[in-house]
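Residue numbers (the working numbering): 380 to 600.
Have a look at the structure below, then the notes.
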Ligand SMILES: Cc1cc2nc3c(=O)[nH]c(=O)nc-3n(C[C@H](O)[C@H](O)[C@H](O)COP(=O)(O)OP(=O)(O)OC[C@H]3O[C@@H](n4cnc5c(N)ncnc54)[C@H](O)[C@@H]3O)c2cc1C
């Protein structure tokens, strides 16, 4: 932890347990990666940008990947600091006043400098992890990456050294004078829902494998 990763508002919602942090990172399907782009006057000049990406945890590091042409990855691997934000939305909190409406969530913010993964075997392991993070068991069901695919992908690794986690859970917190209001109050739980898998029309008819049929994410899995 450091000054910039200490919660300013509602520090009682801070979580410092790495197991709880890892559970959030391992559940997340999307993260948002922010940095200052264009430092050095290139293009439009320096400006903040926040880009949605997928991300996976491998031990005490976060992995990002994408095209070598990605501006974000090119900027980050040049040593520009990044900030990765992970948000899991657990519910809508409906209070008796609009003021006290809220959301139940678990979120993690990570600061740091990412480095490029260049070793071939480490890169393959990282790409496998990214794939299996999104669909566990997927790499066993598909062919391995080709060398061209590995060479054609940039992988960055960000240490989980400087981070914060904040959680809100539980019912609304209303003002005493509103407690007899006639409005319904409580929590509308939210999660990731899965519909029927849609087979590729170009694929011969095949049974849906368990890693697809049984895919789930989060508390409702
Ligand atoms: C759910 C999700 C997961 C993704 N996962 C990955 C990933 O793992 N790896 C990866 O490389 N890319 C991923 N992408 C695409 C990613 O968001 C970027 O579009 C891509 O990486 C190009 O980044 P760049 O820095 O080169 O953007 P540029 O194309 O250089 O950005 C230029 C401008 O384009 C706009 N822009 C760029 N991306 C987006 C966007 N997604 N939505 C709206 N405007 C945008 C912004 O205004 C930005 O300033 C994902 C997108 C989504 C929505």
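The beta-carbon is built from N, C-alpha and C at its ideal position, and this holds for glycine as well.
The structure displayed is predicted, hence computed values, not measured ones.
Residue i beta carbon near ligand 1 (any heavy atom closer than 7 Å)
i           : result
residue 518 : no
residue 436 : no
residue 432 : yes
residue 428 : yes
residue 409 : yes
residue 508 : no
residue 480 : no
residue 537 : no
residue 444 : yes
residue 452 : yes
residue 449 : yes
Distance, residue j Cα to residue i Cα
i           : j           : result
residue 463 : residue 578 : 33 Å
residue 459 : residue 492 : 7 Å
residue 533 : residue 554 : 51 Å
residue 404 : residue 436 : 7 Å
residue 523 : residue 479 : 51 Å
residue 500 : residue 539 : 21 Å
residue 589 : residue 483 : 31 Å
residue 415 : residue 583 : 47 Å
residue 433 : residue 465 : 10 Å
residue 527 : residue 520 : 20 Å
Nearest-angstrom beta carbon gap, residue j and residue i [assumed within contact, 8 Å]
i           : j           : result
residue 546 : residue 410 : Their Cβ separation, rounded to whole angstroms, is 17 Å, which puts residue 546 and residue 410 out of contact at 8 Å.
7 Å Cβ shell around residue i - same chain, five flanking residues per side excluded
i           : result
residue 573 : 594, 595
Close beta carbons around residue i, own chain, < 8 Å, minus the five adjacent residues each side
i           : result
residue 585 : 578
residue 400 : 394, 487, 539, 542, 544
For residue i: DSSP bridge partner residues
i           : result
residue 476 : Bridge partners of residue 476: none, in fact.
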